[in-house]
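Novice: As they're listed, the protein sequences go chains A and B.
Here our numbering is used: the first residue of the first sequence is 4, the next is one more, and so on.
Here our numbering is used: the first residue of the second sequence is 63, the next is one more, and so on.
Dropping a structure here in structure tokens format, bear with me for questions.
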Amino acid sequence: MKLQNRLIWKGNYRITGLLFLKAVAAAVIAIWSISAITQEPSASEILGHVDENITADSRIATISMTIHGRRSSRTVRSKSWVRGTDESFSEYLSPPREAGTKMLKIEDELWIYSPSTDRTIQISGHMLREPVMGSDLSYEDFMEDPVLSNIYKPELEGEEVVSERDCRILHLTAKSDDVTYQSRRLWVDKERFFPLKEEWYGSGGTLLKTLEVKEVGQEQGRWYPKRALFNDVLKRGDGTEVVVEDIEFDADIPDRVFSRAALRR
Amino acid sequence: MMLKLALKNFFGAGLRTWLNILVLSIAFVAIIWLQGIFVSFSSRAFDAMIAEEIGGGYIQHKEYDPYDPTSLEETFAPLCEILLDIQNREKATAMLIYPAIAYPAGRMHNVTLRGIKPEQTILELPTEKMAADLGVVPVMIGSRMSRSTSLSEGDRFMIRWRDRRGALDAKEFEVAAVMSLENQSVDSGQIWMPLSDLQKMLQTDNAATIMVLSTEFDGQSVMGRIADDWILKTQYDLTEDLRSLIAMADIEYYVFYIIFLLLALISIFDTQILALFRRRKEMGTLMSLGMTRHQLIGLFTFEGGLYALFALLLGAVYGTPILIWTARNGFPLPEGMDMDSFGIPGITDTIYPDYRFSSIFSTIILSVIIVVIVSYLPARRIARLKPTDALRGKWS
């Protein structure tokens, strides 16, 4: 009798155990499915999307840069050719004083050609700290790796509405000590994965520069900052407004554009 | 008899003699004054450079080049035990030199940060003022820097720099003192701050670009025992450019010297020529009475030399109080003149001439010799003079 009872109990236990396992598995699958639908993207995923948006295989753009000084403002127009993250070439179109000035960046080297002196000089050392055409951007800002996930470790900090768009706040911390801005804060559009506002900090946590995207454009399915305001926080002035007049992504740019010979051409 | 005759002829010329004496005395006084100014330039330049910048010389990082600001980010190294020891014994003081950008009132200025110990005594700078606890890092600037940046004592401003690894940072600083510096190379574009703060900012422990040596310390005594990163630059090496500049200034002094003396000498030369023509009969008579040609040349040369003698006496009468007054009160340079454009340290708005007995004496002797030579040159014609022709008023 005892043996019979024990067998019945064992049989029941086995059936109950199987049912329980099935229920747990179903619950796990259900939870995973629900969370997969509603799950927030991770900080790394957001930064990855941001990188996809802000970098392209190549692009050709005409840009006007208005530098708001303390007393007056002046506008500099330029055309730039960019391939990947290492090669870029710009030619200034106006005002007449700056027209013909060309800038070439290949990896970590930067050259400038000035038509008035007919000379090409390499910008290095302390000259990299000089502002480009008196703007709020320095030459060294151009030398940074534009792929943020290569140099920063992201962390989600919260959410905020910027320019009537829902944004996630990403706090980026440099992966190595040699990154110019040791931390950044990005307000990334939740839907478009495009940063609408940025703050760049020094290693001691002092805010150094800000970027506000005033208008976003879309070209070939890609979002880009149509009008943005850069501000060197330490400098007095109303910042530098950059307007992208036209832009073409993934354009075929010949190799000769990214050569030093092109500077004198 | 010769002296009597010479004095009689000398004063007999009347107004012409006194005019010559006056012109020559003005030239003498002007030359001595000018020499005082150039001696002052030279001595003050060296003094200012030694007191405010180079001390007794440098033990510096081998790649340090003060004329290449692009190299400053790389040209420093940690101090070894031997260098730290000479600093502790107050035989040297470490200085870390690094480029940065200052933002006084929101304007960008490229600056050079100079980190130095506030308690140092090697350089004659009021670095002790940087020991003040202001809540932020205290800095000192020179008066030229104060003018160009509109910063005064108590003003706070931001400085941005790139640390040793390449990361940017910025911080607020306060001007603890505005120094009155004679040497513009440690003033214009320079910001002095405590060494330890600059080392912290750059994350470099015990690093320095140069060790400024005391004037009593022989840098050579430690050179064999320290790393190859460091080289010795003696006071002589560091003043080489200044010596070249002073040499150029000396050439300018000699040009002025020649101009001043020439003005006086032309009038003496002229007078001597005129005397020779006018006094032909007198010369013939003197030769007939037994005076030799050489004695006659001597007489005329002596008369010329008397100009120098009387010019010296007259110059001493009015020149001495003038020179003493200028030495005490200085000579103010014209307003709006950029003193720094001279490129010589120590030149201030007012120049105080430095008259030295040795240089005054040598100038006087040289000037008198030149006057005597100029008097002798026209008198040589007498050697060819025949007494008979002279008596008839003719040249042989």
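Each residue gets a CB set at the ideal place from its N, CA and C atoms; glycine is no exception.
What are the boundary residues of the alpha helix (DSSP H) that B/GLY74 is part of?
Specialist: Element bounds for B/GLY74: 64-74.
Novice: Classify B/ALA194 as buried or exposed, calling it buried when 16 or more other Cβ atoms lie within 10 Å of its own Cβ.
Specialist: By the neighbour-count rule (16 or more Cβ atoms within 10 Å), B/ALA194 is not buried but exposed.
Novice: Run through DSSP, which three-state label would B/MET345 get?
Specialist: Helix at B/MET345.
Novice: Return the CA-CA distance between B/ILE203 and A/SER83, expressed in angstroms with no decimal places.
Specialist: Going from the Cα of B/ILE203 to the Cα of A/SER83 covers about 42 angstroms.
Novice: Looking at the structure shown, is A/TYR155 part of a helix, part of a strand, or coil, going by DSSP?
Specialist: Strand.
Novice: For A/ASN56, which of helix, strand or coil comes out of DSSP?
Specialist: Correct three-state label for A/ASN56: helix.
Novice: Only counting the same chain, and skipping five residues up and downstream in sequence, which positions put a Cβ closer than 7 angstroms to that of A/ALA264?
Specialist: Counting only Cβ-Cβ distances below 7 angstroms, and skipping sequence neighbours, we find nothing.
Novice: Taking the Cβ atom as the reference point for each residue, do B/TRP254 and B/MET192 lie within a distance shorter than 9 angstroms?
Specialist: Going by C-beta atoms, B/TRP254 is nearer than 9 angstroms to B/MET192.
Novice: Considering B/THR296, what are the terminal residues of the alpha helix (DSSP H) in which it resides?
Specialist: Run containing B/THR296: none in the alpha helix (DSSP H); it sits in the beta strand (DSSP E), 292-296.
Novice: What residues match up with B/PHE423 in a beta bridge as DSSP calls it?
Specialist: DSSP lists no partner for B/PHE423.
Novice: For the 8 angstroms Cβ check, are there 3 or more pairs between the stretch 280-288 of chain B and the stretch 105-122 of chain B?
Specialist: Yes, they touch.
Novice: Mark B/SER429 as exposed unless 16 or more other C-beta atoms lie within 10 angstroms of its C-beta, in which case mark it buried.
Specialist: Per the 10 Å Cβ criterion, buried.
Novice: Ordered along the chain, which non-local residues of its own chain (more than five positions away) have a Cβ less than 7 angstroms from that of B/LEU325?
Specialist: Taken in chain order, the residues that qualify are VAL85, ALA89.
Novice: Taking 9 angstroms as the threshold (beta carbon to beta carbon), is A/ALA231 in contact with chain B?
Specialist: No, because no Cβ of chain B sits closer than 9 angstroms to the Cβ of A/ALA231.
Novice: For B/ASN391, which of B/TYR414, B/LEU374, B/ALA378 has the nearest alpha-carbon?
Specialist: When each option's Cα is compared against that of B/ASN391, the closest is B/TYR414.
Novice: Any C-beta of chain B within less than 7 angstroms: which residues of the stretch 206-218 of chain A qualify?
Specialist: If the cut-off is 7 angstroms between Cβ atoms, the stretch 206-218 of chain A has SER206, GLY207, THR209, LEU211 near chain B.
Novice: Across the stretch 180-200 of chain A and the stretch 117-137 of chain A, are there enough close Cβ pairs to call them in contact, namely three or more that are closer than 8 angstroms?
Specialist: Result no; under three Cβ-Cβ pairs closer than 8 angstroms.
Novice: Taking the alpha-carbon positions, what's the A/SER38 to A/TYR142 distance?
Specialist: Any reading at A/SER38 must be qualified, since the residue scores a pLDDT of 47, below 50, and its modelled position is unreliable; the value itself is stated next. Going from the Cα of A/SER38 to the Cα of A/TYR142 covers about 45 angstroms.
Novice: Terminal residues of the continuous alpha helix (DSSP H) containing B/GLU365?
Specialist: B/GLU365 -> alpha helix (DSSP H) spans 355-391.
Novice: For a contact meaning CB atoms closer than 9 angstroms, what does A/LYS238 contact in chain B?
Specialist: Within 9 angstroms Cβ-Cβ: TYR165, GLY168, ARG169, MET170.
Novice: Closer than 9 angstroms, CB to CB, is B/THR486 near chain A or not?
Specialist: Outside the displayed range of chain B (63 to 458) lies residue 486 of chain B, so it cannot be described from this structure.
Novice: Quick one: Cα of B/PHE318 to Cα of B/ASN268, how far?
Specialist: Each residue's alpha carbon lies about 52 angstroms from the other.
Novice: According to the neighbour-count rule (16 or more other Cβ atoms, all chains shown, within 10 Å of its Cβ), is B/HIS123 buried or exposed?
Specialist: B/HIS123 comes out buried.
Novice: Any Cβ of chain B within less than 9 angstroms of the Cβ of A/ILE256?
Specialist: No, because no Cβ of chain B sits closer than 9 angstroms to the Cβ of A/ILE256.
Novice: Sorted by chain position, which residues of the same chain lie with C-beta nearer than 8 angstroms to B/LEU453's C-beta, five sequence neighbours on each side aside?
Specialist: Only LYS343, GLY346, THR347, SER350 meet the Cβ criterion.
Novice: Is the CB-CB distance between A/LYS217 and A/SER166 below 9 angstroms?
Specialist: Against a cut-off of 9 angstroms, the Cβ pair of A/SER166 and A/LYS217 comes out as a contact.
Novice: Do B/GLN246 and the ligand SAM come close, with the Cβ less than 8 angstroms from some heavy atom?
Specialist: Of the ligands one can find in the structure shown there are none, so the ligand SAM has no counterpart to examine.
Novice: For a contact meaning CB atoms closer than 7 angstroms, what does B/ASP225 contact in chain A?
Specialist: Result: SER206.
Novice: Show which residues of chain A have a CB atom less than 9 angstroms away from the CB atom of B/MET118.
Specialist: The question names Met, but residue 118 of chain B in the sequence shown is Gly. What B/GLY118 touches in chain A: nothing, since even the nearest Cβ is about 30 angstroms away.
Novice: Are B/VAL248 and B/ARG305 closer than 9 angstroms when you measure CB to CB?
Specialist: No, the Cβ-Cβ distance between B/VAL248 and B/ARG305 is not below 9 angstroms.
Novice: Shorter than 9 angstroms from the beta carbon of B/ALA232 to some beta carbon of chain A?
Specialist: Taking Cβ atoms only, chain A reaches closer than 9 angstroms to B/ALA232, which makes this a yes.
Novice: Looking at C-alpha atoms only, which residue of B/ASP231, B/TRP80, B/ILE288, B/SER250 is the closest neighbour of A/TYR204?
Specialist: The shortest C-alpha separation from A/TYR204 is found at B/ASP231.
Novice: Please confirm whether B/ASN82 and B/ILE330 have their CB atoms less than 9 angstroms apart.
Specialist: Yes, the pair counts as a contact, with Cβ atoms nearer than the cut-off.
Novice: Strictly under 9 angstroms for the Cβ-Cβ distance: is A/ARG73 near chain B by that measure?
Specialist: Yes - at least one Cβ of chain B is within 9 angstroms of the one on A/ARG73.
Novice: Check whether the Cβ of A/TYR184 lies closer than 9 angstroms to any Cβ atom in chain B.
Specialist: Chain B, which has a Cβ nearer than 9 angstroms to the Cβ of A/TYR184, makes this yes.
Novice: At a CB distance below 9 angstroms, what residues from the stretch 167-193 of chain A approach chain B? Give them in sequence order.
Specialist: Per Cβ criterion, the list reads ALA177, SER179, ASP180, ASP181, VAL182, THR183, TYR184, GLN185.
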